[in-house]
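Number of protein chains: 2
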Amino acid sequence: MLKPPLLQQIAAAGPGSWSDDLLAGVITAILLVPQGMAYAMLAGLPPEMGLYASIVPPIIYALLGTSRALAVGPVAVAALMVANVLTQHYGSDELDKIVVGSMILAAETGIFLLILGSFRLGALVSFISHPVLSGFTTGAALLIVTSQLKHLSAIDIPRGDAFETLAAFFQNIQQAQPLTLMFGLGALVLLLLARAPLQKLLNNAGVKHKTAMVLGRMAPLAVVILATAVAALFAKNSSLSVVGNIPAGLPIPSLEFFAAEGWIALLPSAVLIALVGYVESVSVAKVLAARRRQKIDANQELVALGVSNIAASLVGSMPVAGGFSRSVVNFDAGARTQRAAIFTSLIIAIVAVFFTRWFQHLPNAVLAAIIVVAVLQLVDIAGAKAIWAYDKADGAALLSTAIAVMLLGIEAGLLVGIGLSLSLYLWRTSQPHMAVVGQMPDSTNFRNVNRHVVKTLDSVLMVRIDENLYFANAAAVESYLMEHAASGQSPGQPLRHIVLLMSAVSYVDASALEMLEHLEHDFGDAGVTLHLAEVKGPVMDRLLTTKLGRSLVPQRVHLSANDAWNALSTEKN
Amino acid sequence: MLKPPLLQQIAAAGPGSWSDDLLAGVITAILLVPQGMAYAMLAGLPPEMGLYASIVPPIIYALLGTSRALAVGPVAVAALMVANVLTQHYGSDELDKIVVGSMILAAETGIFLLILGSFRLGALVSFISHPVLSGFTTGAALLIVTSQLKHLSAIDIPRGDAFETLAAFFQNIQQAQPLTLMFGLGALVLLLLARAPLQKLLNNAGVKHKTAMVLGRMAPLAVVILATAVAALFAKNSSLSVVGNIPAGLPIPSLEFFAAEGWIALLPSAVLIALVGYVESVSVAKVLAARRRQKIDANQELVALGVSNIAASLVGSMPVAGGFSRSVVNFDAGARTQRAAIFTSLIIAIVAVFFTRWFQHLPNAVLAAIIVVAVLQLVDIAGAKAIWAYDKADGAALLSTAIAVMLLGIEAGLLVGIGLSLSLYLWRTSQPHMAVVGQMPDSTNFRNVNRHVVKTLDSVLMVRIDENLYFANAAAVESYLMEHAASGQSPGQPLRHIVLLMSAVSYVDASALEMLEHLEHDFGDAGVTLHLAEVKGPVMDRLLTTKLGRSLVPQRVHLSANDAWNALSTEKN
Numbered sequence: 356m357l358k359p360p361l362l363q364q365i366a367a368a369g370p371g372s373w374s375d376d377l378l379a380g381v382i383t384a385i386l387l388v389p390q391g392m393a394y395a396m397l398a399g400l401p402p403e404m405g406l407y408a409s410i411v412p413p414i415i416y417a418l419l420g421t422s423r424a425l426a427v428g429p430v431a432v433a434a435l436m437v438a439n440v441l442t443q444h445y446g447s448d449e450l451d452k453i454v455v456g457s458m459i460l461a462a463e464t465g466i467f468l469l470i471l472g473s474f475r476l477g478a479l480v481s482f483i484s485h486p487v488l489s490g491f492t493t494g495a496a497l498l499i500v501t502s503q504l505k506h507l508s509a510i511d512i513p514r515g516d517a518f519e520t521l522a523a524f525f526q527n528i529q530q531a532q533p534l535t536l537m538f539g540l541g542a543l544v545l546l547l548l549a550r551a552p553l554q555k556l557l558n559n560a561g562v563k564h565k566t567a568m569v570l571g572r573m574a575p576l577a578v579v580i581l582a583t584a585v586a587a588l589f590a591k592n593s594s595l596s597v598v599g600n601i602p603a604g605l606p607i608p609s610l611e612f613f614a615a616e617g618w619i620a621l622l623p624s625a626v627l628i629a630l631v632g633y634v635e636s637v638s639v640a641k642v643l644a645a646r647r648r649q650k651i652d653a654n655q656e657l658v659a660l661g662v663s664n665i666a667a668s669l670v671g672s673m674p675v676a677g678g679f680s681r682s683v684v685n686f687d688a689g690a691r692t693q694r695a696a697i698f699t700s701l702i703i704a705i706v707a708v709f710f711t712r713w714f715q716h717l718p719n720a721v722l723a724a725i726i727v728v729a730v731l732q733l734v735d736i737a738g739a740k741a742i743w744a745y746d747k748a749d750g751a752a753l754l755s756t757a758i759a760v761m762l763l764g765i766e767a768g769l770l771v772g773i774g775l776s777l778s779l780y781l782w783r784t785s786q787p788h789m790a791v792v793g794q795m796p797d798s799t800n801f802r803n804v805n806r807h808v809v810k811t812l813d814s815v816l817m818v819r820i821d822e823n824l825y826f827a828n829a830a831a832v833e834s835y836l837m838e839h840a841a842s843g844q845s846p847g848q849p850l851r852h853i854v855l856l857m858s859a860v861s862y863v864d865a866s867a868l869e870m871l872e873h874l875e876h877d878f879g880d881a882g883v884t885l886h887l888a889e890v891k892g893p894v895m896d897r898l899l900t901t902k903l904g905r906s907l908v909p910q911r912v913h914l915s916a917n918d919a920w921n922a923l924s925t926e927k928n
Numbered sequence: 356m357l358k359p360p361l362l363q364q365i366a367a368a369g370p371g372s373w374s375d376d377l378l379a380g381v382i383t384a385i386l387l388v389p390q391g392m393a394y395a396m397l398a399g400l401p402p403e404m405g406l407y408a409s410i411v412p413p414i415i416y417a418l419l420g421t422s423r424a425l426a427v428g429p430v431a432v433a434a435l436m437v438a439n440v441l442t443q444h445y446g447s448d449e450l451d452k453i454v455v456g457s458m459i460l461a462a463e464t465g466i467f468l469l470i471l472g473s474f475r476l477g478a479l480v481s482f483i484s485h486p487v488l489s490g491f492t493t494g495a496a497l498l499i500v501t502s503q504l505k506h507l508s509a510i511d512i513p514r515g516d517a518f519e520t521l522a523a524f525f526q527n528i529q530q531a532q533p534l535t536l537m538f539g540l541g542a543l544v545l546l547l548l549a550r551a552p553l554q555k556l557l558n559n560a561g562v563k564h565k566t567a568m569v570l571g572r573m574a575p576l577a578v579v580i581l582a583t584a585v586a587a588l589f590a591k592n593s594s595l596s597v598v599g600n601i602p603a604g605l606p607i608p609s610l611e612f613f614a615a616e617g618w619i620a621l622l623p624s625a626v627l628i629a630l631v632g633y634v635e636s637v638s639v640a641k642v643l644a645a646r647r648r649q650k651i652d653a654n655q656e657l658v659a660l661g662v663s664n665i666a667a668s669l670v671g672s673m674p675v676a677g678g679f680s681r682s683v684v685n686f687d688a689g690a691r692t693q694r695a696a697i698f699t700s701l702i703i704a705i706v707a708v709f710f711t712r713w714f715q716h717l718p719n720a721v722l723a724a725i726i727v728v729a730v731l732q733l734v735d736i737a738g739a740k741a742i743w744a745y746d747k748a749d750g751a752a753l754l755s756t757a758i759a760v761m762l763l764g765i766e767a768g769l770l771v772g773i774g775l776s777l778s779l780y781l782w783r784t785s786q787p788h789m790a791v792v793g794q795m796p797d798s799t800n801f802r803n804v805n806r807h808v809v810k811t812l813d814s815v816l817m818v819r820i821d822e823n824l825y826f827a828n829a830a831a832v833e834s835y836l837m838e839h840a841a842s843g844q845s846p847g848q849p850l851r852h853i854v855l856l857m858s859a860v861s862y863v864d865a866s867a868l869e870m871l872e873h874l875e876h877d878f879g880d881a882g883v884t885l886h887l888a889e890v891k892g893p894v895m896d897r898l899l900t901t902k903l904g905r906s907l908v909p910q911r912v913h914l915s916a917n918d919a920w921n922a923l924s925t926e927k928n
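Top to bottom, those sequences are chains F and S. All you need for my numbering is the position in the first sequence, starting with 1, plus 355. All you need for my numbering is the position in the second sequence, starting with 1, plus 355.
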């Protein structure tokens, strides 16, 4: 029997790895306690649900997952998606229903991922291109930032897209509560300073790189403790919005939500949450695995994340995934195996049992600042520039997805991005590149006559088709060939043969077959014979079942362009 | 200046062609008078609107269109689409609004086609594959047949999909009115007999083929006259549903409908009607043009059909297109130029002015029979079988489209078909064919090791990628190559080089570029060097803007597979 992934990881990491894992587990827990509560707030849920999502699901993932460093728990984008769908279906006063809705979403997310895993359909997510994912993440991060403006300022901002929210914020800026602003902006400044500036300072002061990093990671918890203390001492009876009472204790698994309503209504959103969470998890898992020359099994990840989400639903929590920035922290802190995640879980369980009342004076504005700083790391301007430089179409897909997310929301924006990237690809394949080719001197290679100095035959036109032949490009290919056949190879010399080089054609569908039959027929009328060369095996197999294929074989199907050249150049012209 | 298309056609056809055109025009008119009224009924409109659509729009098309034989006028599928959208928006008692809605649809159809034509976007319709179009036409024909059951039987059948309608028909069969059934079934039988059986009979009796055909084409009008006479004489005061009073005269152009409401609401349906009408028209125009070695200009067709539809709206009529069976009749009757269509129009104008009252006793059941027989010709079982035999995916798209049209209706069915065919293509490209290749003996050609007896090098793996590299297949390509790199070329021999043959790769998008960068990196770790060969010009241009491309050039980019082979086989292994 195969060893469970976790035991394999521990065996591979060696006996000395447990102290690395312990340190990484502690640091990740320090980050995750405030983040868990903050993401629950982002999802419109009570803070303890974020903690619960950080206890059991990571243990499940640790046992089943193939990534060593992925830190599973609540994540920002999924939290905002949960908030969007639940506020659509329930009023803000129906907290009971919202909580049950979140559990249903987690369950459906998990079941959907498990189904994908069972049918080995992980490849489905490959239809989300990197540019679309990058644009989506950036757009979602900016949308999340604007969604936190109300918590940072205590301004009452109506629901709207990112730009409307921003406009409403600036229009009503005079309504901002100074106390809330002070906590929110103060936390924001401290958290930002704790990043690059603090690292630089500590490095200059001679502190070791790793120690400096550990100190930097403690910033969110330090800010939380500081802000809570200040709020408890000086703002106890003010209008400052605080986390309030959090029930102490561990979640008790329950199946009651199974009987609740809403399973059908929430399903489409759960599917999107599952896809987004899975893609984010696998992306970061792959990046981290590559750094240590390890591998991720994408299908096993579906199973591991699926079961983790089902566990999240059973303990009354919210959908979970591998968080991008949190996993990087875990990795940088030295996590060697998923044992680190188990240490993290244990620490958070201890917090949930003994220390929740410590957070009752924690201002929500501070949680909002933690969210803003966490998601700002997801904005990848340099990556977007690189993609734009390489391919304008990919760049346009990225930008459009980001704008669509900010304008239309997370779900619609993602769907727009996927649709757009697929449409761009289809449009491209419908306008295939074709090239008239000739023989390179003293060679058997054939190249584009416009790019290379090549020899051609007067009565033979050789055309390379650089795309599969299918319905979307059949008409374009036909008119290209008809035009070139009509104009001929050289003035005054009648064309006798057209050779289609099929080296780039992996598929000829029924529409394209019909087009080839027309071509053969129309060329025949004009005294031009149709030949094929470099036909791939699978394409030839299929062609041989047709009348056209059988009439072309064997004289008019050539193994290579050179064979066709030799056969046709020796012929009397 | 260029001659208008019609004058070019007449000049090309020669002076003797006018008598051919006259005969064809008369025969088509004989067919079109009952068909025009029938399709108006199918669209839920007064019968005269079908006649109006057969007078002015065909003249406009005759002046602008590039097909010699296309018979423009009301068509069955568009008529049903008009009926569907108008009954969705208006009650059955709001005939005024329905009439105006039909004019709006015709105007929007025309404007949309003109816009497509202006931007030379005719290629958009190539995204409707032949199998989808064939499935759509078959499904629509069967849907139309079921929609006529109520007129053939006078059974009150509630609106529903094709299967519900059929079920309701058989459940309530005892409610059928014998008189209606008699006319309906009688007409059906006569019309069916007038096709193949009558032709055979006349041929056997020694009648010339062309004469037999002309006699057969007169059947609808003969049935109409016979049925009207019988109804007028014997069923005048019965409950038989008849056409009733048709106002005599020609349509008077009016712009009043421009001010009506509904332009926005009807737009999506108009777009679909335009696409369907255009595709049907161009398909039949191409088939007929090919038979006489003539050409169709697809963009000019957009303009011609666009203006024809705008004309249809101005004369208070319905969307028009080139009808499939009617154009075939026109062609078979000998139409040489669009002069035939002008003769047809004149005859129908004469009917509209002088003879409409002759039709007041025409039973609607007879018009239903005419519709049924006309659309049954659109059902193409043999074509579907051929497509299924060539390609199961195309066959599945055809079948699914037909079923979707019958279950979900014309518009949704068409969209399902288009979506499905595009998804199937994308799915196929996401699972690319790849082949390990080797050198053919005494040759510079490289072929699949599994299909041919070829030579390979122990330390060099040569892999041909038979698809563009883009986001949907980047992960699949990566894992294929990683697996083959790990297992090596032959046991015990370490792999040193992997050569990717890019002859079928016309495009490498940003996601695939990232994948190649990972590969280069991961292979490097394993002591394997990545090479490219047979890279196409446009792909190489793009690659050279990247770090990966610049590091590969020139040593690791080979012109051909054979060049790579020579470079790597001489190297010390």
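Quick reminder that beta carbons are idealized off the backbone N, C-alpha and C, glycines included.
Check your understanding: What residues from chain S crowd round F/Thr901, counting only those whose CB sits closer than 7 angstroms?
Key -> Tyr745
Review point. If you drop the 5 nearest sequence neighbours on each side, which residues of the same chain put their C-beta closer than 8 angstroms to that of F/Val792?
Key: Phe801, Arg802, Asn803, Val804, Val809, Met817, Val818, Arg819, Leu856, Ala916
**Study point:** S/Ala859 vs F/Ser785 beta-carbon contact at 8 angstroms
**Key:** no
Point to revise | Which listed residue (S/Arg905, S/Leu387, S/Thr901) has its alpha carbon closest to that of S/Ile702 | key: S/Leu387
Exercise for review: Indicate whether S/Leu397 and S/Leu435 have their beta-carbon atoms separated by less than 8 angstroms.
Suggested key: yes
**Study point:** Cβ-Cβ distance between S/Ala531 and S/Ala509 below 8 angstroms
**Key:** Yes, these two residues count as a Cβ contact at 8 angstroms.
Check your understanding: So what's S/Asn664 in DSSP terms, helix, strand or just coil?
Key -> helix
Exercise for review: Scan the segment 822-833 of chain S for residues whose Cβ lies nearer than 9 angstroms to a Cβ of chain F and list them as they occur along the chain.
Suggested key: Glu822, Asn823, Tyr825, Phe826, Ala827, Asn828, Ala829, Ala830, Ala831
Check your understanding: Is there at least one Cβ from chain C nearer than 8 angstroms to F/Lys810's Cβ?
Key -> The displayed structure is made up of protein chains F and S, and chain C is not among them.
Review point. Would a C-beta distance cut-off of 8 angstroms place S/Val850 and S/Ala840 closer than the cut-off?
Key: For the record, residue 850 of chain S in the displayed sequence is Leu; it is not Val. Their beta carbons are under 8 angstroms apart, which means S/Leu850 touches S/Ala840 by this criterion.
Exercise for review: List the residues of chain F whose Cβ lies closer than 7 angstroms to the Cβ of S/Pro893, in chain order.
Suggested key: His788
Exercise for review: For F/Ala586, I'd like the list of residues in its chain whose CB is within less than 8 angstroms of its CB, leaving aside the five on either flank, ordered along the chain.
Suggested key: Phe538, Leu595, Val597, His716, Leu717, Pro718
Practice item. Using the Cα positions of F/Ile483 and F/Leu777, report the straight-line distance between them to the nearest angstrom. Key: 9 angstroms
Exercise for review: Would you kindly work out how many angstroms separate the C-alpha atoms of F/Leu504 and F/Ala574, rounded to a whole number?
Suggested key: 21 angstroms
**Study point:** Cβ neighbours of S/Pro402 in the same chain (closer than 6 angstroms, five flanking residues each side left out)
**Key:** Met392, Ala395, Val598, Ile601
Point to revise | Touching by the beta-carbon criterion (3+ pairs, under 8 angstroms), the segment 683-703 of chain S and the segment 651-660 of chain S | key: no
Point to revise | Under 7 angstroms by beta carbon: chain S residues contacting F/Ala859 | key: What F/Ala859 touches in chain S: Ser858, Ala859, Ser861.
Practice item. Starting from S/Asn917, trace the alpha helix (DSSP H) both ways and give me its first and last residue. Key: Counting along the chain, the alpha helix (DSSP H) containing S/Asn917 begins and ends at 916-924.
Check your understanding: Start and end of the alpha helix (DSSP H) containing F/Ile365?
Key -> 360-368
Check your understanding: So which residues on chain S does F/Ser776 lean against when the C-beta distance must stay under 8 angstroms?
Key -> Phe826
**Study point:** S/Asp300 to S/Pro486 span [Cα, whole Å]
**Key:** Missing from the structure shown is residue 300 of chain S; chain S here goes from 356 to 928 and no further.
Check your understanding: S/Ser481 touches chain F at which residues, Cβ-Cβ below 8 angstroms?
Key -> Residues of chain F passing the Cβ test: Ser785, Phe826, Ala827, Asn828, Ala829, Ala830, Ala831.
Practice item. Could you run through the segment 468-498 of chain F and flag, in chain order, every residue whose CB is less than 7 angstroms away from some CB of chain S? Key: Ala478, Ser481, Phe482, Ser484, His485, Pro486
Check your understanding: For the segment 864-884 of chain F, which residues have a CB atom closer than 8 angstroms to at least one CB atom of chain S, in sequence order?
Key -> Asp864, Ala865, Ser866, Leu868, Glu869, His873, His876, Asp877, Asp880
Review point. Does the distance from the CB of S/Ile765 to the CB of S/Ala431 come in under 8 angstroms?
Key: no
Check your understanding: Does the beta carbon of S/Ile725 come closer than 8 angstroms to any beta carbon on chain F?
Key -> no
Review point. Which of the residues in the segment 648-660 of chain F, read from start to end, lie with their CB under 8 angstroms from any CB of chain S?
Key: Arg648, Ala653
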